Amino acid sequence: MQTNTYAMDESYALYEQSKETLCGGVASNLRSAMKPVPLFLESGSGARVFDVDGNEYIDYILGYGPLILGHSHSELLEALSHRLAAGQQFGMQHRGEIELSRRLVQLVPNADKVAFSGSGTEAVMLAIRLARAYTGRSKVIRFEGHYHGWSDVIYTAFPMNAEVSASDMTALAGTNGQSAHALEDIIVVPWNDKDRLEAVLKKSGNEIAAIISEPVLCNSGCLHPLPGYLEWIRERTRDLGIVFILDEVITGFRVSPGGAQERLGIQADLVTMGKAIAGGFPLSAVAGRREIMDLISQGVVNHMGTLNGNVLSISAGILTLDILNRDEGAAYRHMEKMTERLVRGLKALLAGHGVAHTINSFGPVFHVMFTDQPEVRHFSEFLKRDAAGYSLFVEEALRHGVVLRPSGLWYVSAAHTEKDIDETLERLKIVVQRLFPHRA
Ligand code: PMP
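Numbering (the numbering used here), first residue to last: 1388 to 1827.
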């Protein structure tokens, strides 16, 4: 079947130029995975982006998650241009910091106090440091397939196949150059498996400073916790004096005003947030119980950063949360509705062409997997998906005007309209017909 696909000549040319002076030609390693070429963008508006070749795309990467209001939200732009005219960075205090920290204390369950940083990675580093200082212990339990940023204190390699996943896992370096000492303090356990975690807790419970978990495993298949699993971790950590950290860098402010804690009815000791909090400006936060957070107030735990509390980011945070929460959370209802429409359409489209798939969602974030497993609930099952087949789908989608992450994770913003969703499905119909013609 002959269809028109996008030409990306200028992106190819710029990528070659970029590689001469910018490491890998991209600013974050993951971005080099985009096929056929890492796209160079000119602009974005609402749910759409425009590349240097003049192509227009419907965007489900959304800046890797932060663009919960879409690109260039008019109110955000106007407020921030006024703000910018009065200075962009003080390195001193301003009222906005008080205002945003109050908003967070109101919105986020169990948040007595707040600390701001610039990225999710930094927020996780701070949360782990707080947990170590609070408990006087050094080891941290994390789960396989979860992602908590790229710092030495928590980054590990992802197992690449189900056999490795099933075996006992010591923390493997996520990269050359990672401190071996840092890795010695990390214990990796399969998620959603009480027995395996209980075995570690029995053996080393009194050495563990923190257990860190994504509330729903958005980074690997949008896997939900099995009923009672997080509640059980909550109880066991309380019993053993371990700090329970929920990493809400993806889910915070995205799945509900109070994040996954509110949606799942669970309360951690510390929560890390980033991405959606400031609608695309660099900002992250740690929030949690007073007695832990106060270690910063007391000067017992150091927390620094030149750009912490940056005026533009904080202003963007206040306005983003205001827009999300106005009209009794209309933006949240809209995102859910658009996501349902999209997921329903995708399922029908894939099923209609005999493409075996499973889609797991959590509010306006979902994961599409090509697999014949009707349910994917464990990371070992996630590893069995047809990742290569899905990559081809993502590449073909790009050539037809839909930007997706090769990992399978999709974000929907408050700017996505029914028209965007329906047009996405029309474009993907051509993609599916091209890739799976014999199955129609
Ligand atoms: N935690 C989670 C759950 C994440 O998904 C990410 C980023 N994808 C991070 C932490 C790290 O955030 P950042 O990229 O802003 O450093």
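No residue lacks a Cβ here, since even glycine has one placed at the ideal position from N, Cα and C.
Fair warning: this is a prediction, and the values are worked out from it, not measured in the lab.
Item to check | Spatially closest choice to GLN1685 from ALA1520, ALA1472 and PHE1437, by CA coordinates | outcome: ALA1520
Item to check | Proximity winner among ALA1498, ALA1801, ILE1448 and GLU1783, relative to ASN1391 (alpha-carbon distances) | outcome: GLU1783
Next on the checklist: At a threshold of 7 Å, does SER1671 count as lining the ligand PMP (C-beta to nearest heavy atom)?
Outcome noted: yes
Checklist entry - For the ligand PMP, is there a heavy atom less than 7 Å away from the beta-carbon of VAL1636? => result yes
Checklist entry - Can you give the beta carbon distance from MET1680 to ALA1502, rounded, assuming they're within the 8 Å contact cut? => result 7 Å
Checklist entry - Excluding five sequence neighbours on each side, which residues of the same chain lie with their C-beta closer than 6 Å to the C-beta of GLY1411? => result SER1419
Item to check | Assigned exposure category for GLY1536 - 16 Cβ within 10 Å defines buried | outcome: buried
Checklist entry - Taking the alpha-carbon positions, what's the ILE1817 to MET1756 distance? => result 19 Å
Checklist entry - ARG1625: buried (16+ other C-beta within 10 angstroms of its C-beta) or exposed? => result exposed
Checklist entry - Would LEU1706 pass as a contact of LEU1463 if the rule is Cβ separation under 8 Å? => result yes
Checklist entry - In whole angstroms, what separates the C-alpha of THR1557 from that of PHE1766? => result 16 Å
Next on the checklist: Cutting at 7 Å between CB atoms, please list the residues of its own chain near ALA1887, excluding the five before and the five after it.
Outcome noted: A question about residue 1887 goes unanswered here, because the residues of the chain that appear run from 1388 up to 1827.
Item to check | For LYS1771, three-class secondary structure by DSSP | outcome: coil
Next on the checklist: For the pair the segment 1569 to 1583 and the segment 1711 to 1728, tell me if three or more CB-CB distances fall below 8 Å.
Outcome noted: no
Checklist entry - Using the beta-carbon count (16 or more within 10 Å), is GLN1654 buried or exposed? => result buried
Next on the checklist: According to DSSP, ALA1597 sits in a beta bridge with which residue or residues?
Outcome noted: VAL1527 and VAL1630
Checklist entry - Say the cut is 7 Å; is the CB of GLU1531 nearer than that to a heavy atom of the ligand NAP? => result Here the bound small molecules are the ligand PMP; the ligand NAP is not part of this structure.
Item to check | With 16 other Cβ atoms within 10 Å as the buried cut-off, status of ARG1677 | outcome: exposed
Next on the checklist: Quick check: LYS1509 and ILE1701, are their CB atoms within less than 8 Å of each other?
Outcome noted: Note that residue 1509 is Glu in the sequence shown here, rather than Lys. Against a cut-off of 8 Å, the Cβ pair of ILE1701 and GLU1509 comes out as no contact.
Item to check | Residue span of the alpha helix (DSSP H) that contains GLU1484, given as start and end | outcome: 1482 to 1494
Checklist entry - Where are the alpha helix (DSSP H) runs, 4 residues long or more, that stay fully inside the segment 1564 to 1596, in chain order? => result 1567 to 1571 and 1581 to 1591
Checklist entry - Which of the three DSSP states, helix, strand or coil, is assigned to MET1680? => result helix
Item to check | Residue burial classification, LEU1471 (beta-carbon count within 10 angstroms, cutoff 16) | outcome: exposed
Item to check | Boundaries of the beta strand (DSSP E) in which ILE1445 is found, first to last residue | outcome: 1443 to 1446
Item to check | Residue from GLN1404, GLY1452 and VAL1819 with nearest C-alpha to CYS1605 | outcome: GLY1452
Checklist entry - According to DSSP, is HIS1744 helix, strand or coil? => result strand
Item to check | Contact check, ILE1528 vs VAL1603, beta carbons under 8 Å | outcome: no
Checklist entry - Between the C-alpha atoms of ASP1807 and ILE1683, what's the straight-line distance to the nearest angstrom? => result 45 Å
Next on the checklist: Quick check on the DSSP output: the alpha helix (DSSP H) that includes GLU1838 runs from which residue to which?
Outcome noted: Beyond the ends of the chain as shown, which are 1388 and 1827, falls residue 1838; an answer cannot be given.
Checklist entry - Beta carbon of THR1508: closer than 7 Å to some heavy atom of the ligand PMP? => result yes
Next on the checklist: With distance defined between alpha-carbon atoms, name the residue in ALA1394, THR1408, ARG1623 and ASP1438 nearest to ARG1593.
Outcome noted: Checking the sequence, you will find Asn at residue 1593 rather than Arg. Here the closest residue by C-alpha is ARG1623.
Checklist entry - Cα separation between THR1811 and PHE1640? => result 25 Å
Next on the checklist: Quick check on this structure: which residue in GLU1407, ARG1821, THR1804 and SER1794 has the alpha carbon closest to the alpha carbon of GLY1532?
Outcome noted: SER1794
Item to check | GLY1661: CB within 7 Å of a non-hydrogen atom of the ligand PMP | outcome: yes
Checklist entry - Between the Cα of GLN1475 and the Cα atoms of ASN1712, ALA1703, TYR1798 and LEU1417, which residue gives the shortest distance? => result ALA1703
Next on the checklist: I need the DSSP call for SER1506, collapsed to helix, strand or coil.
Outcome noted: coil
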